[in-house]
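In our numbering, the protein residues as written are 39 to 489.
We treat Cβ as the ideally placed atom computed from N, Cα and C, and that holds for glycine.
Source: prediction; values computed, not measured.
To start, the structure itself, in structure tokens.
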Amino acid sequence: MSVIKDTIARVKQMDRDQIEFQQAVTEVLETLEPTAQRHPELVKAGIYKRIVEPERAVIFRVPWMDDQGNVHVNRGFRVQFNNAIGPFKGGIRFHPSVNLSIIKFLGFEQIFKNALTTLPMGGGKGGSDFDPKGKSDAEIMRFCHAFMRELFRHIGPETDVPAGDIGVGGREIGYMYGYYKKIQNAHTGVLTGKGLEYGGSLIRPEATGYGTVYFAAEMLSTRGLDFKDKTVAVSGSGNVAQYAVEKVIRMGGKVITVCDSSATIVDESGIDRDKCCYIMDLKNNRRGRISEYASEYNCVCCEGENVWEVLRKQGIKADIALPCATQNELNAEDADALVKNGCICVAEGANMPSTPEAVRIFQEHNILYGPGKAANAGGVATSGLEMSQNSMKMSWTREEVDQRLLIIMKSIHKACLASAEAYGKKGDYVTGANTAGFMKVARAMLAYGIV
Ligand code: NDP
Ligand code: 2IT
């Protein structure tokens, strides 16, 4: 049995209830076969077996009190996956679905994504099964403080640098950073995604969405295409989706969908800048439901269905698809429908939004398919730029950070294509992203010996 098959089998056996983690490991390792053949030294040093095992995973109790004085207990996680090329780095997710499998899959993906950014960051992820929906601001604050009351001892600016993810934005980062600063009595910049007044970077809120669109634009350019006059389907309506929509509009595309966990809206007349501002205010300030958009702008609202289901069932065409909500939101049937209706490009703003079967369909039909670890790497890359600015105790202008983000996304695109070709899979961004990210981390691990 090859070391790759052996390692996948071992994960499936050892982590048998961790479905999402198994999915992420299988998806990455299956593309690494040529690296094992070409670099027997990596096999000999046990790199493949070691890379699927986190350095450590911390699970902790998070007790907090609601506004009525009731005590609740949630579960907190931080998986420190790999710090071969820099401190552990990755977001924190607050969502009721969070469990060890989801945090491990996200932490595993983060290793390769962070390696692709060109910056010195290892991979990690954290979160809690806490549901921020319907909570008062005071409850959010108490929860964030309770979460940091344990997390603080495991992180540090040279050890592990968390950031946001689903359910964790500027407000939550503020509460967590404030508590960390209080108990450490120091401004260490330990979280990224901070407010501008206390060490945050311009463009960090925009970076994942912008970066995803920059990456898609790079993929399109390989076929002489661009966003101009293209119909674009975006899923989600959170941080990543909002700034993806904004950037597509600027690039001349027409966005016709967004969704949240309750409904999808289809606006065939196109989401323009004013409508995009409405979504930002609705989701970030009023914390409302996307169905309110349909009432405001008199368009179609499909309750209980996500974007890809709606496009499939209603036979709606999209030239470009940007899944920006959550894992496994787009399945084989949805992929089939997208392809049949003429979709040319899929760039993943979310982490692992397409099921493995959906990915296969995109690849079989020669769709320009950018996997999340490449396409959405702009968020963490800009977190890396925030870390650099914190270290230098200075801040760059909006234009400077945006320019660096663009350069990084172009370089990731280039690295993916070069590595795909080097490992015999020309034009395959999945192989390219996995092999390029892996080889950087693997070489560092090899240099350290068996540690
Ligand atoms: P947000 O919490 O800001 O937004 C998430 C959006 O997705 C919301 O519209 C939410 O709906 C929707 N959503 C979440 N879960 C589900 C679900 N199970 N079914 C349907 N819709 C769902 O998170 P982000 O925008 O930050 O994250 C979106 C994706 O992008 C995630 O996969 C994340 O890991 C990834 N990502 C995020 C980065 C970042 O910097 N923030 C960087 C790289 C990747 P509702 O409003 O109802 O909750
Ligand atoms: O999935 C991701 O890359 C993120 N949620 C951002 C991580 C970060 O450290 O900025």
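Residues bridged to residue i (per DSSP)
{"i": "L551", "result": "Since the displayed the chain opens at 39 and closes at 489, residue 551 lies outside it and no answer follows."}
{"i": "F253", "result": "None; F253 has no bridge partner."}
{"i": "Y407", "result": "V384"}
{"i": "V272", "result": "L360"}
{"i": "Q118", "result": "R94 and G162"}
{"i": "T302", "result": "C297 and C340"}
Residue i Cβ short of 7 Å to ligand 1 heavy atom set
{"i": "E210", "result": "no"}
{"i": "G129", "result": "yes"}
{"i": "I204", "result": "yes"}
{"i": "S329", "result": "no"}
{"i": "N108", "result": "no"}
{"i": "V384", "result": "no"}
{"i": "T246", "result": "yes"}
{"i": "I369", "result": "Looking at the sequence shown, residue 369 is not Ile but Asn. No, the Cβ of N369 stays beyond 7 Å of every heavy atom of ligand 1."}
{"i": "V418", "result": "yes"}
{"i": "N344", "result": "yes"}
{"i": "G387", "result": "yes"}
{"i": "C339", "result": "no"}
{"i": "S300", "result": "yes"}
{"i": "N414", "result": "yes"}
{"i": "A62", "result": "no"}
{"i": "G475", "result": "no"}
{"i": "A396", "result": "no"}
{"i": "K232", "result": "no"}
{"i": "E207", "result": "In the sequence as displayed, the identity of residue 207 is Gly instead of Glu. Under cutoff, so the answer is yes."}
{"i": "H451", "result": "no"}
{"i": "H133", "result": "yes"}
{"i": "C314", "result": "no"}
Residue i CB to nearest heavy atom of ligand 2 below 7 Å
{"i": "G276", "result": "no"}
{"i": "Q365", "result": "no"}
{"i": "Q148", "result": "yes"}
{"i": "G238", "result": "no"}
{"i": "K142", "result": "no"}
{"i": "A201", "result": "yes"}
{"i": "T156", "result": "no"}
{"i": "S259", "result": "no"}
{"i": "K151", "result": "yes"}
Cβ neighbours of residue i in the same chain (closer than 7 Å, five flanking residues each side left out)
{"i": "A474", "result": "L154, A453, C454 and S457"}
{"i": "H183", "result": "Y213 and Y217"}
{"i": "D310", "result": "I287"}
{"i": "L444", "result": "Y252"}
{"i": "E58", "result": "S139, I140, F143 and Q365"}
{"i": "Q60", "result": "V49, K50 and D53"}
{"i": "N120", "result": "I89, E93, I149, G160, G161 and V479"}
{"i": "N472", "result": "V66, T69, L70 and F150"}
Whether residue i touches residue j by CB criterion (8 Å)
{"i": "K163", "j": "L189", "result": "no"}
{"i": "F146", "j": "A62", "result": "yes"}
{"i": "V85", "j": "A480", "result": "What sits at residue 85 in the sequence shown is Ile, not Val. Contact flag set, yes."}
{"i": "V100", "j": "R116", "result": "no"}
{"i": "M70", "j": "F400", "result": "Note that residue 70 is Leu in the sequence shown here, rather than Met. For L70 and F400, no; Cβs fall outside 8 Å."}
{"i": "I450", "j": "A412", "result": "yes"}
{"i": "A271", "j": "D264", "result": "no"}
{"i": "R327", "j": "A363", "result": "no"}
{"i": "G408", "j": "I446", "result": "no"}
{"i": "L360", "j": "G387", "result": "yes"}
{"i": "E371", "j": "R350", "result": "yes"}
{"i": "F150", "j": "V66", "result": "yes"}
{"i": "V377", "j": "I405", "result": "yes"}
{"i": "T250", "j": "N389", "result": "no"}
{"i": "L484", "j": "E91", "result": "no"}
{"i": "N344", "j": "S273", "result": "yes"}
{"i": "Y248", "j": "Y281", "result": "yes"}
{"i": "M257", "j": "A385", "result": "yes"}
{"i": "K355", "j": "T269", "result": "yes"}
Cut-off 6 Å between Cβ atoms - residues of its own chain near residue i, not counting five sequence neighbours on either side
{"i": "Y331", "result": "I303"}
{"i": "M52", "result": "none"}
{"i": "R325", "result": "none"}
{"i": "G227", "result": "P195, G237 and N428"}
{"i": "D440", "result": "I241"}
{"i": "Y215", "result": "L229 and K232"}
{"i": "S174", "result": "D105"}
Own chain, CB closer than 8 Å to residue i, minus 5 neighbours either side, in chain order
{"i": "I123", "result": "N152, A153, P158, M159, G160, K478, V479 and A482"}
{"i": "G353", "result": "A375 and N379"}
{"i": "D267", "result": "G290, G291 and K292"}
Residue-level contact to chain D via CB, residue i, 8 Å cutoff
{"i": "E437", "result": "Note that chain D does not occur in the displayed structure, where there is just one protein chain."}
- Query: Hey, is the region 333 to 342 in contact with the region 235 to 247, meaning 3+ C-beta pairs nearer than 8 Å?
  - Reply: Cβ pair count under 8 Å is below three, so no.
(Q) Below 8 Å, how does it come out for the region 384 to 400 and the region 207 to 214: are there three or more Cβ pairs, yes or no? (A) No, the region 384 to 400 is not in contact with the region 207 to 214.
(Q) So, does the region 284 to 294 touch the region 423 to 439, judging by three or more C-beta pairs under 8 Å? (A) No, they do not touch.
At least three beta-carbon pairs within less than 8 Å, the region 122 to 138 to the region 103 to 110:
In this structure the region 122 to 138 does not touch the region 103 to 110; the number of beta carbon pairs closer than 8 Å is below three.
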